[in-house]
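Q: Right, I'll just put the structure down here and ask away after.
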Amino acid sequence: NRVTRTLRFPGGGKPAGIAFSRGGLWIGDDVGTAVYRLDAKRLRWQRVPTRQLASSWVAASPGAVWVSNTASNTVTRIDTSRRRATTTVKVCASPVNLEVVGNDVWVPCDRGNALARISLRTRKRVEMVAMPAPAVGSAC
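Each residue of the sequence shown is one higher than the last, beginning at 511 in the working numbering.
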């Protein structure tokens with residue numbers, strides 16, 4: 511293994527979470543209102559707006575990536591074939607390292623000691639689970 515090329519993260523943003531879906535790496539931006547898709551073959555960037563603040567953490571599900579917008583207290587679903595935001599769900603205070611597990615997106619709340627669960631089918635928050643300690647890190 512060796513580094514063959516170094517790419518600069520676009521727009522002066524601050525790269526955060528990362529996921530792979532549909533031939534590209536999807537990378538969150540801790541200070542922006544978009545995620546960036548890096549085409550794995552052509553090594554070209556594409557900005558995909560979420561219209562939410564601090565679109566940081568990213569998780570993949572079939573046909574979509576889910577983005578936690580930590581400053582907006584929301585999660586945005588992006589259709590990976592159309593490469594645009596389709597749904598934004600209000601979840602909790604400072605959503606972080608979300609994970610897709612089975613038919614749900616689990617979202618730890620950095621503030622509020624809770625986990626939010628979003629249904630992949632309905633694209634709605636269906637449950638809030640209280641946690642005894644701050645919910646930080648991966649949901650799994």
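Heads up, the beta-carbon is just placed ideally off N, CA and C, and yes, glycines get one too.
Are the beta-carbon atoms belonging to A581 and A564 less than 7 Å from one another?
A: The count along the sequence shown starts at 1 and reaches residue 581 at position 71. The count along the sequence shown starts at 1 and reaches residue 564 at position 54. Contact flag set, yes.
Q: Can you check DSSP and say which residues form a bridge with L608?
A: Taking the sequence shown and counting its residues from 1, one reaches residue 608 at position 98. According to DSSP, which records beta bridges pairwise, L608 is partnered with nothing at all.
Q: Cutting at 7 Å between CB atoms, please list the residues of its own chain near T590, excluding the five before and the five after it.
A: Translated into positions along the sequence shown, residue 590 becomes position 80. For T590, where only same-chain residues beyond five positions count, the Cβ hits under 7 Å are S531, R532, G573, A574, V575.
Q: Could you name the residues of the same chain whose beta carbon sits closer than 6 Å to that of M638, not counting the 5 residues immediately before and after it, in chain order?
A: Here residue 638 refers to the residue found at position 128 when the sequence shown is read from its first residue. Counting only Cβ-Cβ distances below 6 Å, and skipping sequence neighbours, we find A624, A626.
Q: Along the chain, where does the beta strand (DSSP E) that runs through M638 open and close?
A: Stepping through the sequence shown from its first residue, residue 638 is reached at position 128. Taken as a continuous stretch (DSSP letters only), the beta strand (DSSP E) holding M638 covers 635–640.
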